[in-house]
Amino acid sequence: MLDFAKFTKYSKPGPRYTSYPTALEFSDAYGYDEYIQKMKEQDSSRPISLYFHLPFCRNACYFCGCSVVFTSKEDKMLRYMEYLKKELEILSSVLDCKREVIQMHFGGGTPTFFSAEQLKKIIENIKSYFPNFVADAEISCEIDPRHIDEAQMKVMHEAGFNRVSFGIQDFNEKVQVAVHRVQPYEITKEAMDLARKYNMVSVNVDLIYGLPFQTLETFKETLTLALTLNPDRFAVFNYAHVPWLKKTMRKIDETTLPKADEKMQIMQYTIDFLTENGYKMVGMDHFAKPEDELFKAIEKGELHRNFQGYTTKGGADLIGVGLTSIGEGVDSYNQNFKDMTSYEEAIDEGKLPFERGVVLTQDDLIRQYVIMELMSNFKLDIQRFNKLFNIDFKTYFADAIRALKPFADENLLVLSEDSIECSETGTLLIRNIAMPFDAYMTKHAASKKTFSKTV
Ligand SMILES: C[S@@+](CC[C@H](N)C(=O)[O-])C[C@H]1O[C@@H](n2cnc3c(N)ncnc32)[C@H](O)[C@@H]1O
Ligand code: SF4
Numbered sequence: 032m033l034d035f036a037k038f039t040k041y042s043k044p045g046p047r048y049t050s051y052p053t054a055l056e057f058s059d060a061y062g063y064d065e066y067i068q069k070m071k072e073q074d075s076s077r078p079i080s081l082y083f084h085l086p087f088c089r090n091a092c093y094f095c096g097c098s099v100v101f102t103s104k105e106d107k108m109l110r111y112m113e114y115l116k117k118e119l120e121i122l123s124s125v126l127d128c129k130r131e132v133i134q135m136h137f138g139g140g141t142p143t144f145f146s147a148e149q150l151k152k153i154i155e156n157i158k159s160y161f162p163n164f165v166a167d168a169e170i171s172c173e174i175d176p177r178h179i180d181e182a183q184m185k186v187m188h189e190a191g192f193n194r195v196s197f198g199i200q201d202f203n204e205k206v207q208v209a210v211h212r213v214q215p216y217e218i219t220k221e222a223m224d225l226a227r228k229y230n231m232v233s234v235n236v237d238l239i240y241g242l243p244f245q246t247l248e249t250f251k252e253t254l255t256l257a258l259t260l261n262p263d264r265f266a267v268f269n270y271a272h273v274p275w276l277k278k279t280m281r282k283i284d285e286t287t288l289p290k291a292d293e294k295m296q297i298m299q300y301t302i303d304f305l306t307e308n309g310y311k312m313v314g315m316d317h318f319a320k321p322e323d324e325l326f327k328a329i330e331k332g333e334l335h336r337n338f339q340g341y342t343t344k345g346g347a348d349l350i351g352v353g354l355t356s357i358g359e360g361v362d363s364y365n366q367n368f369k370d371m372t373s374y375e376e377a378i379d380e381g382k383l384p385f386e387r388g389v390v391l392t393q394d395d396l397i398r399q400y401v402i403m404e405l406m407s408n409f410k411l412d413i414q415r416f417n418k419l420f421n422i423d424f425k426t427y428f429a430d431a432i433r434a435l436k437p438f439a440d441e442n443l444l445v446l447s448e449d450s451i452e453c454s455e456t457g458t459l460l461i462r463n464i465a466m467p468f469d470a471y472m473t474k475h476a477a478s479k480k481t482f483s484k485t486v
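This note's numbering puts the first residue of the sequence shown at 32, with every later residue one more than the last.
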């Protein structure tokens, strides 16, 4: 058994690197005109990955870090549908929408707060603007098992959705009550059965460790129950506790949160348990079955990371539609307005609801490559890097290599002439291992109120 207490020193604020630079570096220095120009200049031979943010939810789960609009008002949702359509219309004037779409994701909030009819309408609208979905496009939706019925699943199936992701978080009742999300096992099971009935190729379930009252013992039970659902993928997220950003998190009594060493034990147990049961860790927090393409991608070192997590589909431009959504081009990130009024006002003026973003420098691109390789594949091929960027890794990153020395001394990684490779325990600290390559870290180091804790 590893001495986890010894690793608690690594418990410090750090990014989750769904982008590099992180969203903290997005600013209005990247202006609207420049953004539009970039969108117009996108290479039409590159495929598109679409993200739609459907932000509505009725009740707050106290741990929720997502961009959510809490409402029970139907007219608000209908209004949002209208604005999505208008946004698509404006988008079609700057973008070649005939490009191939290889991926589409509905995220939230809870997209299934929209009824079957409403979902159908949203999808029809999207397809009227983006008609060229490839035959094997990955089309996915995040679903709260407490809010899904057969009619909705049928609509998604008929529209070509082939992946769903269910939020579970934890099955323990005391934990569920503490986070204001009571969700009996049977409800999740019914949702799972629906997904199977409608032939979803891949079903993911989300769990979170680090929630109030969780212990290794309670989480073992949660994992055992979750396994009976036989999902194709597990996402087991480290609870990102950022109460200075998310008001509802202030309802969580911090004294009930498990400590860093217990969290590391939970994660180590999770890896062992899921591995013994036929899953493999694919990038930080994610596990997949051998038949799953994420699994195959990691075998080939071809896993990619973006705002939606891990994907096999690299090389596409990510177009985000809806409130707060983020887009990603070859050398830029852009984000839509986060408040509904500004979002609507921009669209009413006939503009895309772009608020801010960043254009990457050559140094950003170099660091982005290294950080994403580490976050996805837990290793870096140094010779490949040298060829790709025509620079010497060891010279360019002399400081970072020095910072990684303590990790190597503790067998968390192996640093050789040809590669950096994390050990199994090192994968638990992958955010820490990526951080020395982040040029913006020193700027944020003094403030504790930036990122969630790495452990
Ligand atoms: C938009 S929700 C999923 C769909 C649906 N709203 C639900 O909750 O079932 C996305 C997922 O993010 C994860 N999540 C939300 N807040 C988090 C936090 N603060 N830390 C870690 N994971 C979080 C949860 O696992 C959740 O299932
Ligand atoms: S976790 Fe899901 S259901 Fe809960 S508040 Fe967040 S988005 Fe809504």
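Every residue, glycine too, gets a C-beta built ideally from N, C-alpha and C. A quick note: this is a predicted structure, and the numbers were derived from the prediction, not measured.
In three-state terms, what does DSSP make of residue i?
i, result
"Val267", "strand"
"Tyr364", "strand"
"Phe192", "coil"
"Ser171", "strand"
"Leu225", "helix"
"Thr392", "coil"
"Pro142", "helix"
"Tyr66", "helix"
"Gly340", "strand"
"Ala434", "helix"
"Asn235", "strand"
"Met184", "helix"
"Gln299", "helix"
"Asp348", "strand"
"Asp292", "helix"
"Gln200", "strand"
"Tyr427", "helix"
"Ser58", "strand"
"Glu72", "coil"
"Lys410", "strand"
"Glu359", "strand"
"Ala470", "coil"
"Arg177", "helix"
"Ile422", "coil"
Skipping 5 residues on each side, what residues in its chain have a beta carbon closer than 7 Å to that of residue i?
i, result
"Gln296", "Phe35, Leu247"
"Met112", "Gln149, Lys152, Ile153"
"Thr458", "Met312, Phe409"
"Met280", "Tyr93, Phe94, His272, Val273, Pro274"
"Asp175", "Thr141, Thr143, Gly198"
"Asn337", "Thr49, Leu349, Glu359"
"Tyr270", "Phe94, Ile239, Tyr240, Gly241, Leu242"
Roughly how far, in whole angstroms, is the beta-carbon of residue i from the beta-carbon of residue j, given that I think they are within contact range, below 8 Å?
i, j, result
"Tyr41", "Asn442", "The pair is not a contact, with the Cβ atoms about 14 Å apart (cut-off 8 Å)."
"Pro44", "Lys484", "6 Å"
"Phe268", "Ile239", "5 Å"
"Leu305", "Phe265", "6 Å"
"Ala465", "Tyr48", "6 Å"
"Asp237", "Phe197", "7 Å"
"Pro262", "Val234", "5 Å"
"Asn468", "Ala431", "Per the sequence shown, residue 468 should be read as Phe rather than Asn. Their Cβ separation, rounded to whole angstroms, is 5 Å, which keeps Phe468 and Ala431 in contact under 8 Å."
"Thr343", "Glu333", "7 Å"
"Leu349", "Ser124", "With 8 Å as the limit, Leu349 and Ser124 do not qualify as a contact, their Cβ atoms being about 19 Å apart."
"Gln134", "Gly360", "Contact doesn't hold; Cβ gap of about 15 Å is too wide."
"Thr39", "Asp303", "With 8 Å as the limit, Thr39 and Asp303 do not qualify as a contact, their Cβ atoms being about 20 Å apart."
"Phe57", "Tyr364", "6 Å"
"Lys320", "Leu260", "Their Cβ separation, rounded to whole angstroms, is 13 Å, which puts Lys320 and Leu260 out of contact at 8 Å."
"Lys129", "Pro162", "7 Å"
"Ile157", "Leu119", "7 Å"
Enumerate in chain order the residues of its own chain whose CB-to-CB distance from residue i is below 6 Å, with the five nearest sequence positions on each side excluded.
i, result
"Ser171", "His136, Arg194"
"Asp449", "Ile413, Gln414"
"Ile397", "Phe420"
"Ser75", "Asp127, Arg130"
Please return the same chain residues whose Cβ sits closer than 8 Å to the Cβ of residue i, not counting the five positions on each side in sequence.
i, result
"Gly346", "Arg77, Pro78"
"Asp423", "Asn417"
"Ser373", "Pro384, Glu386"
"Met315", "Arg47, Met406, Thr458, Ile461, Arg462"
"Ala147", "Asp180, Ala182, Gln183, Lys185, Val186"
"Val210", "Cys92, Tyr93, Phe94, Gln200, Asp201, Leu242, Pro243, Ile283"
"Lys382", "Tyr63, Ile121"
"Ile402", "Tyr48, Tyr51, Ala465, Phe468, Asp469"
**Message:** Tell me whether the stretch 76–87 and the stretch 350–370 touch, counting them as touching only if at least three CB pairs, one residue from each stretch, are closer than 8 Å.
**Reply:** The stretch 76–87 vs the stretch 350–370: in contact.
**the stretch 223–230 in contact with the stretch 176–194 per 3-pair CB rule at 8 Å** = Taking a cut-off of 8 Å on C-beta distances, the stretch 223–230 touches the stretch 176–194, as three or more cross pairs fall below it.
**Item:** Contact the stretch 385–396 vs the stretch 63–73: 3+ CB pairs below 8 Å
**Value:** A contact exists between the stretch 385–396 and the stretch 63–73.
**Asked** Is the stretch 154–166 close to the stretch 197–212, with three or more CB pairs under 8 Å?
**Response** With a cut-off of 8 Å, the stretch 197–212 and the stretch 154–166 do not count as touching, because too few Cβ pairs lie within range.
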